[in-house]
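Colleague: Number 192 in the numbering used here belongs to position 182 of the first sequence; there are no gaps in the numbering. Glycine residues also receive a C-beta, built at the ideal position from the N, C-alpha and C atoms. Remember, predicted model here, so these are calculated numbers, not experimental data.
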Amino acid sequence: MSLPPVLVLAGPTASGKSALALALAQAENGVVINADSMQVYDALPILTAQPPEAARETVPHRLYGCLDPARPCSAAQWVELARAEIAAAWADGRLPIVVGGTGLYLESLRQGLSPIPEIPAEIRDQTRAVLAEIGNEAFHARLGQRDPAMAARLPPGDSQRMARAWEVLAATGRSLADWQTVPRQGGLAARWLTLALLPPREALRAACDGRFAAMVAAGAVEEAAAFLARGLDPALPAMKVLGLRELGAAARGELALAEAVAVAQAATRAYAKRQVTWLRH
RNA sequence: GGCCGGGUGGCAGAGUGGCUAUGCAGCGGACUGCAAAUCCGCGUACGUCGGUUCAAUUCCGGCCUCGGCCU
Numbered sequence: 011m012s013l014p015p016v017l018v019l020a021g022p023t024a025s026g027k028s029a030l031a032l033a034l035a036q037a038e039n040g041v042v043i044n045a046d047s048m049q050v051y052d053a054l055p056i057l058t059a060q061p062p063e064a065a066r067e068t069v070p071h072r073l074y075g076c077l078d079p080a081r082p083c084s085a086a087q088w089v090e091l092a093r094a095e096i097a098a099a100w101a102d103g104r105l106p107i108v109v110g111g112t113g114l115y116l117e118s119l120r121q122g123l124s125p126i127p128e129i130p131a132e133i134r135d136q137t138r139a140v141l142a143e144i145g146n147e148a149f150h151a152r153l154g155q156r157d158p159a160m161a162a163r164l165p166p167g168d169s170q171r172m173a174r175a176w177e178v179l180a181a182t183g184r185s186l187a188d189w190q191t192v193p194r195q196g197g198l199a200a201r202w203l204t205l206a207l208l209p210p211r212e213a214l215r216a217a218c219d220g221r222f223a224a225m226v227a228a229g230a231v232e233e234a235a236a237f238l239a240r241g242l243d244p245a246l247p248a249m250k251v252l253g254l255r256e257l258g259a260a261a262r263g264e265l266a267l268a269e270a271v272a273v274a275q276a277a278t279r280a281y282a283k284r285q286v287t288w289l290r291h
């Protein structure tokens with residue numbers, strides 16, 4: 011018996027994934043399932059380039075703008091949601107089309123993750139607080155005393171992974187290095203059809219710049235200002251959406267709009283480059 | 001024509017007689033639960049021709065060039 015199919019459309023921002031997904035979904039009776047870590051939040055539809063109403067009315071779109079931005083999503087949570095949507099599509103006799111540029115999510119969907127328990131929020135918050143207080147170097151040294159294996163493979167600059175390593179040890183009593191020797195679990199069994207969109211770099215850069223300018227023209231500044239007015243914790247993932255900070259500063263008059271756009275465009279280009287690196291691996 | 005001040009890697013911008021900042025952009029890479037995050041790596045650049053020196057981007061001179069002032 012052959013496995014049911016899943017079509018994956020991967021590519022950097024502004025590579026035209028969404029439009030292609032829409033066309034394929036129409037042609038192949040598909041369901042478009044989001045694999046972008048920012049588009050999952052119910053926030054900033056313009057700035058995160060969520061598919062417009064028109065597209066969603068044409069073809070079913072799942073996992074777009076459906077999570078509370080006040081609560082961080084995670085790779086594991088997304089995989090769980092995505093698996094459910096894929097199963098639902100199969101049950102409906104439709105082709106699941108997974109679209110997105112978040113490499114970690116896509117990889118986790120295919121390979122699964124080591125079965126590490128969820129870390130209590132208190133431990134996470136406390137860990138980040140300590141890290142912020144004592145600084146990277148001291149934190150790295152402290153990690154080295156408790157978890158030499160992880161400290162050895164993380165540079166002191168890598169605050170995010172150091173925090174993750176620390177909280178896993180604190181919450182489970184086992185090193186993350188140890189956990190990761192446990193085989194990954196939960197990888198989706200399917201017949202994978204993968205399409206990677208990798209436009210020439212020069213064209214990609216131009217597309218990134220053009221798209222950000224279009225977002226601003228579509229009201230991204232107002233959108234950013236309104237979202238920031240909610241006063242959410244700046245450490246939340248949704249608060250790190252590209253351009254949010256810059257556009258917010260522009261809205262408050264702290265930064266010239268042209269300058270804000272230029273900075274955000276540069277950040278977008280850098281992001282696209284990281285995505286390409288991931289896709290090429 | 002004269003005087004003065006500049007000419008540094010794609011851009012910005014320090015600096016030094018030998019050890020050749022830095023930032024941004026760019027390029028390559030990593031990636032197991034906040035990933036649009038978080039990191040790692042990569043550039044003998046010093047206008048030009050000569051001189052001084054063991055050694056010149058750095059000192060001296062000519063030339064070119066940019067800017068300012070003067071006639």
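(1) Would V69 and V42 be called neighbours here (beta carbons separated by less than 8 Å)?
(2) Going by alpha carbons, who is nearest to D102 out of L32, P14, V50 and Q136?
(3) Where does Q195 fall in DSSP's three states?
(4) Could you tell me the alpha carbon to alpha carbon distance between R72 and N44, rounded to whole angstroms?
(5) Count the other CB atoms within 10 Å of the CB of K27; is the residue buried (16 or more) or exposed (fewer)?
(6) Quick check: the Cα distance between A230 and A200, rounded to an integer number of angstroms?
(7) Where Q60 and R156 are concerned, what is the direct C-alpha to C-alpha distance, given to the nearest angstrom?
(8) Exposed or buried, R255, counting other C-beta atoms within 10 Å across all chains shown (16 or more means buried)?
(9) For my contact list, F237 and V271 are in at a C-beta cut-off of 8 Å; report their separation, rounded to the angstrom.
(10) Go to I43, then tell me how far its alpha helix (DSSP H) extends in each direction, as first and last residue.
(11) Taking L186 as the reference, give the member of M160, P22 and T278 with the closest Cα.
(12) Straight-line CA distance for L91 to P130?
(13) Distance, Cα to Cα, G40 vs R93?
(14) For the putative contact between S124 and W189, defined by C-beta atoms under 8 Å, what is the C-beta separation to the nearest angstrom?
(15) When DSSP labels each residue in this structure, what does T204 get in the three-state scheme?
(16) Report yes if the C-beta of K27 is less than 7 Å from at least one heavy atom of the ligand NAP; otherwise report no.
(17) Among the candidates E233, R240, S84 and A266, whose CA atom is the shortest distance from the CA of T58?
(18) Might you give, ordered along the chain, the residues of its own chain that have their beta carbon closer than 7 Å to the beta carbon of V192, omitting 5 neighbours on each side?
(19) Using CA atoms only, rank isn't needed, just tell me which of I107, A64 and Y115 is closest to A85.
(20) Kindly indicate which residue of A20, E128 and L252 has the alpha-carbon position closest to the one of A277.
(21) Taking 7 Å as the limit between beta carbons, can you name the residues of its chain near R134, skipping five residues before and five after?
(22) What residue range does the beta strand (DSSP E) around G110 cover?
(23) Within 10 angstroms of the Cβ of P62, are there 16 or more other Cβ atoms? Answer buried if so, exposed if not.
(24) Going by alpha carbons, who is nearest to A217 out of L105, K283 and A259?
(25) At the level of alpha carbons, what is the spacing between V89 and L246?
Modeller: The short version:
(1) yes
(2) P14
(3) strand
(4) The alpha-carbon atoms of R72 and N44 are separated by roughly 6 Å.
(5) When all chains shown are included, K27 counts as buried.
(6) Straight-line Cα distance between these residues: approximately 38 Å.
(7) 43 Å
(8) buried
(9) Not confirmed; about 17 Å, so no contact.
(10) Segment G40 to N44 is the beta strand (DSSP E) holding I43; no alpha helix (DSSP H) there.
(11) M160
(12) 20 Å
(13) When rounded, the separation of the alpha-carbon atoms in G40 and R93 is 15 Å.
(14) Correct: roughly 5 Å between the Cβ atoms.
(15) Judged by DSSP in its simplified three-state form, T204 adopts strand.
(16) What this structure holds is no ligand at all, so the ligand NAP is not there to describe.
(17) E233
(18) Contacts found: S124 and P125.
(19) Y115
(20) It is L252 whose Cα lies nearest to the Cα of A277.
(21) The answer, listed in chain order, is E177.
(22) For G110, the enclosing beta strand (DSSP E) covers residues L105 to G110.
(23) exposed
(24) It is K283 whose Cα lies nearest to the Cα of A217.
(25) 20 Å
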